[in-house]
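Line by line, the protein sequences are chains A and B.
The first sequence stops at residue 132 when you use this note's numbering, and every number in between is there.
The second sequence stops at residue 1132 when you use this note's numbering, and every number in between is there.
There are 2 protein chains.
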Amino acid sequence: MTARAENVKATVAAFAARLDGRDWDGFAALLHPDVIYEVPQTRERIRGRDRYVTFNREYPGAWRIDPVLILGDERDGSLLFRWTVGADGEVAEDQLAIAYFEVDDGLITKITDFWPGPYEPPPGREHLTERW
Amino acid sequence: MTARAENVKATVAAFAARLDGRDWDGFAALLHPDVIYEVPQTRERIRGRDRYVTFNREYPGAWRIDPVLILGDERDGSLLFRWTVGADGEVAEDQLAIAYFEVDDGLITKITDFWPGPYEPPPGREHLTERW
């Protein structure tokens, strides 16, 4: 693993920790001023660091980000994370989500954020699968 | 990047290429006999190489797997890919999906396959977002 790949992984880890900790100044310091944030599921795009920080500050609920796996190479990183939201110790939602990052010179320039929702499987493969 | 991380990435690349090419013998050769396949969206699990190869062989449609990004370290890999299905040159579906892999001694032991579907965004963030 090159030093640059290690740096990308460290940037992704800091992204998760500072977002979870609502450290907005530290969070903003990881982002390129012209960062692009995209959500493929909803076809939403946010342009620029200020709007993207605001988006996260305003995001409702007592949500938590818990990293499961971070991967990275010289330019790209990925974060598989458990996202939970709840109140008073009750977990109302709990799902796995995935973010991909492009990092240039230590700053995040692009985030692609996948929020996969649950659905029922199509019929025809019950002979091979079990459910949990 | 260590040789072992390169091997994990090569295994993920071969997984995508052999699946796309319906090279079922070559595909099976990448899998541990006790491989576990999980789909978090549908809470489906398939146990074992034979069932998992059958699942893919039987999967309906003229689907294609087109890798967008492969990441890997010593044990884990991820594949971001474009999945299309259609007939007669028409693309009926086109989505990004993500698979994570655990690799042990060159064989895939675990696959977690995320198939995020589209949905409408929640209200309240239109002042920050654009749509595509």
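Every residue gets a Cβ at the ideal spot worked out from N, C-alpha and C, and that includes glycine.
Beta-bridge pairing of residue i - partner residues as DSSP gives them
i: A/Q95; result: A/W83
i: B/E1102; result: B/D1076, B/K1110
i: B/W1024; result: B/W1024 is not bridged to any residue.
i: B/D1066; result: B/R1082
i: B/L1071; result: B/S1078
i: A/A130; result: Reading off the sequence shown, one finds Glu at residue 130 of chain A, where the question assumed Ala. Per DSSP, B/R1045.
i: A/E90; result: A/A87
For residue i, the nearest candidate out of the options (CA to CA)
i: B/P1123; options: A/R22, A/E58, A/E120; result: A/E58
i: B/R1047; options: B/A1092, B/V1035, B/L1069; result: B/V1035
i: B/E1038; options: B/L1080, B/F1114, B/W1132; result: B/F1114
i: B/L1107; options: B/D1023, B/R1075, B/I1070; result: B/R1075
i: B/W1132; options: A/A99, A/L30, A/R43, A/F101; result: A/R43
i: B/L1096; options: B/V1085, B/P1116, B/I1111, B/T1112; result: B/P1116
i: A/A10; options: A/P67, A/T129, A/H127; result: A/P67
i: B/L1080; options: A/F101, A/Y52, A/A87; result: A/F101
i: B/R1049; options: B/D1025, B/Y1119, B/A1016, B/E1090; result: B/D1025
i: B/E1090; options: B/R1045, B/A1062, B/A1005, B/E1126; result: B/A1062
i: B/P1121; options: A/E120, A/V85, A/T84, A/R45; result: A/R45
i: B/P1060; options: B/N1007, B/V1085, B/G1077; result: B/V1085
i: A/E126; options: B/N1007, B/R1051, B/D1023; result: B/R1051
Residue i, enclosing beta strand (DSSP E) - first and last residue
i: B/R1045; result: 1044–1047
i: A/E38; result: 31–39
Cβ-Cβ distance between residue i and residue j below 8 Å
i: B/A1013; j: B/I1065; result: no
i: A/L30; j: B/F1055; result: no
i: B/T1109; j: B/H1032; result: yes
i: A/P118; j: B/Q1041; result: yes
i: B/A1016; j: B/G1072; result: no
i: B/G1077; j: B/V1103; result: yes
Close Cβ partners of residue i (< 8 Å) along its chain, the five nearest in sequence each way excluded
i: A/D20; result: R64, I65, D66
Cβ shell of residue i (< 7 Å), same chain only, five flanking positions each side left out
i: B/E1130; result: none
i: A/T2; result: E74
i: A/A87; result: A62
i: A/N7; result: G106
Cβ-based neighbour list, residue i, same chain, cut-off 6 Å, excluding 5 preceding and 5 following
i: A/I98; result: L80, F114
i: A/R18; result: G26, F27
i: B/E1093; result: V1085
Could you list the residues in the segment 16–43 of chain A with a C-beta less than 7 Å from some C-beta on chain E, going in chain order?
-> The structure shown contains no chain E; the protein chains it does contain are A and B.
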